[in-house]
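Each residue of the sequence shown is one higher than the last, beginning at 563 in this note's numbering.
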Amino acid sequence: MFIDSVELTLSSGKGGAGAVSFHREKFILQGGPDGGNGGKGGDVLFEIDNNTDTLSHFRGQKSQRAQNGRPGEKRNCYGKKGESLTLKVPPGTQVIDKETGEILLDLTEEGQTVKFLEGGKGGAGNAKFKSSTNQRPNYAQPGLPGITKEVILELKLIADVGLVGFPNVGKSTLISVVSSAEPEIANYEFTTLTPKLGVVDLKDYSSFVMADIPGIIEGASDGRGLGLEFLKHIERTKLLLFMVDAANYRSLKEQYENLKNELVNYSDVLSSRAFAVAITRVDAYYGEDLESDMKEFFKEIGITPNQNFNFNSQNLPYYIDEKEYGKDLTEPNFIIPISSVSQANTKELTDELHKVLIQL
C-alpha cells in the first residue's frame, strides 16, 4: 500500500543512572568508592533507503522509542549504552515538526544517515566525586532524560520529469512505453491511484526519472479529485510535461490553460517550473487537419511557430523553442504530438526532455 504521510512520536533513550558503590575486598581496608557511570541513551536516526518507496511500514507504530542506557555498576563498570533507533525512509522524505509545521529534515541523498534526536547522557557514578576532601561520596548522578518529538513524515518523490494532465490522457501508457514501469492501464478515468516512477534509459548510458501522478481535474487545487493529494510529488521535479489530449472533448487550449491555472493555484513553486507540452493520443485524433489545429493552438497560447516547426517521419509536426532551454518559464520549451500506442514521436519526446534537463 502506498502511504506518503504518517504521524509519529519519537523518543531518544534516557541515560542510565550512575552507581553508588564502595570497594569491598578481604584484606583491603577503606577500598573507596567504585560506582561506575551510567550508559548513554540511544539516539534516533533516519537512514535513507533507496529500496523503500513508501511510508507504509510505519502504519500502526505511532510511538517509537530508542533504548534507555543501563545503570552503572560496581568496580567502576560503565552501564551499557542504549541501542539507537534507526528509521529507514525513502529518498524525498521530509521530517516536519507537528506543532510548528517547520521542516526539520529534508532527506534526499541515498545512503545518508542523519541523527535526529540525541540520547540522554548517562549519570556519573560516585567514584567520579571522590576527592581529598570527600573520600566517601555516597551519591551519584541520575541519567539525563531523552528527547521526545511529535513529527509528521511526508514523502515527496524525487524525479526529473513530472507528468501533468487530466485523467485518462495517456500518462500511464507513456511511462510504460518509455520506461520499464508497469502502471495499471485501463479505458476509464482515475486508473492511476498512486504515483509511479519510471527510469527512462537513453543511448550512451544516459537516463532520467519520470513521475506519473493521478489525473488532475478542474478544481484540484481546491481539493477536488485525487490530484491535490499527489501534486506534492512533482514539487521536486526539474521539468513538468503537460499531457494535452488530442482526442479529448476539451479543446487543446482549454486543457492547457486549466492545467496551468491549477498549478498556479496550488503552488508558486510548481507554477514557475520549466515545462513542455506533449499532445497525446494523436492516433485517436478525430479532427480534419492536425497540423492546422496545432497551429491554431500555438496562436491561441501566443506562440509563433518558427523554422523548427517540422514534420518528422511519422508525418507529425512538432515545435521547439528557439530560445535556450529552461530560460523562459512562461512558455513551453517544446510542443510535440505523440502516440504512445504506436510509439510515434516517443523517442523524439524523450530526446527533447533529456536536452532540457541537461540545460536545467
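Glycine is no exception: its CB is placed at the ideal position from the N, C-alpha and C atoms.
Top-ranked residue by Cα proximity to residue i, from the options
i           : options            : result
residue 604 : 760, 598, 576, 625 : 576
residue 758 : 615, 913, 695      : 615
residue 645 : 589, 621, 690, 573 : 573
residue 665 : 906, 673, 655      : 655
residue 596 : 856, 702, 737      : 702
residue 636 : 740, 724, 686      : 686
residue 688 : 700, 863, 682, 696 : 700
residue 865 : 796, 896, 844, 906 : 896
residue 648 : 592, 681, 846      : 681
residue 641 : 833, 820, 829, 598 : 598
residue 662 : 606, 712, 638      : 712
residue 719 : 593, 672, 694, 852 : 672
residue 622 : 851, 570, 913, 805 : 570
residue 706 : 853, 588, 630, 619 : 630
residue 626 : 608, 643, 818, 696 : 608
residue 725 : 834, 771, 692, 613 : 771
residue 844 : 677, 694, 650, 902 : 902
residue 643 : 860, 819, 600      : 600
Buried/exposed call for residue i, threshold 16 Cβ in 10 Å
i           : result
residue 735 : buried
residue 900 : buried
residue 875 : At residue 875, the pLDDT of 39 sits below 50, so the modelled position is not reliable; the number obtained from the coordinates is stated separately. The residue is exposed, with fewer than 16 neighbouring Cβ atoms inside 10 Å.
residue 765 : exposed
residue 826 : exposed
residue 581 : buried
residue 786 : Here the model assigns residue 786 a pLDDT of 46, short of 50, so the residue's position is not dependable and the matter cannot be decided.
residue 566 : buried
residue 624 : exposed
residue 802 : buried
residue 835 : buried
residue 589 : exposed
residue 842 : buried
residue 796 : buried
residue 727 : buried
residue 695 : exposed
residue 632 : buried
residue 920 : exposed
residue 912 : buried
DSSP three-state assignment for residue i, whether helix, strand or coil
i           : result
residue 842 : strand
residue 573 : strand
residue 726 : strand
residue 617 : coil
residue 906 : strand
residue 596 : coil
residue 602 : coil
residue 900 : coil
residue 923 : Absent from the structure is residue 923, since the part of the chain shown begins at 563 and ends at 922.
residue 714 : strand
residue 622 : coil
residue 853 : helix
residue 922 : coil
residue 719 : coil
residue 649 : strand
residue 914 : helix
residue 655 : strand
residue 834 : coil
residue 768 : coil
residue 699 : coil
residue 814 : helix
residue 806 : strand
residue 591 : coil
residue 736 : helix
Test item: CB-CB of residue i and residue j under 8 Å
i           : j           : result
residue 714 : residue 679 : no
residue 653 : residue 675 : no
residue 800 : residue 915 : no
residue 815 : residue 862 : yes
residue 857 : residue 805 : no
residue 723 : residue 741 : no
residue 683 : residue 602 : yes
residue 593 : residue 634 : no
residue 807 : residue 817 : yes
residue 657 : residue 617 : no
Residues sharing a beta bridge with residue i, DSSP
i           : result
residue 675 : 609
residue 822 : Paired residues: none, contrary to the question.
residue 692 : Its beta-bridge partners do not exist; DSSP assigns none.
residue 758 : 774
residue 859 : Beta-bridge pairing links residue 859 to no other residue.
residue 567 : 716
residue 635 : 639
residue 796 : In the DSSP output, where bridge partners are listed per residue, residue 796 has none listed.
residue 665 : 658
Test: residue i CB closer than 8 Å to a CB of chain B
i           : result
residue 633 : The structure shown contains no chain B; it holds only a single protein chain.
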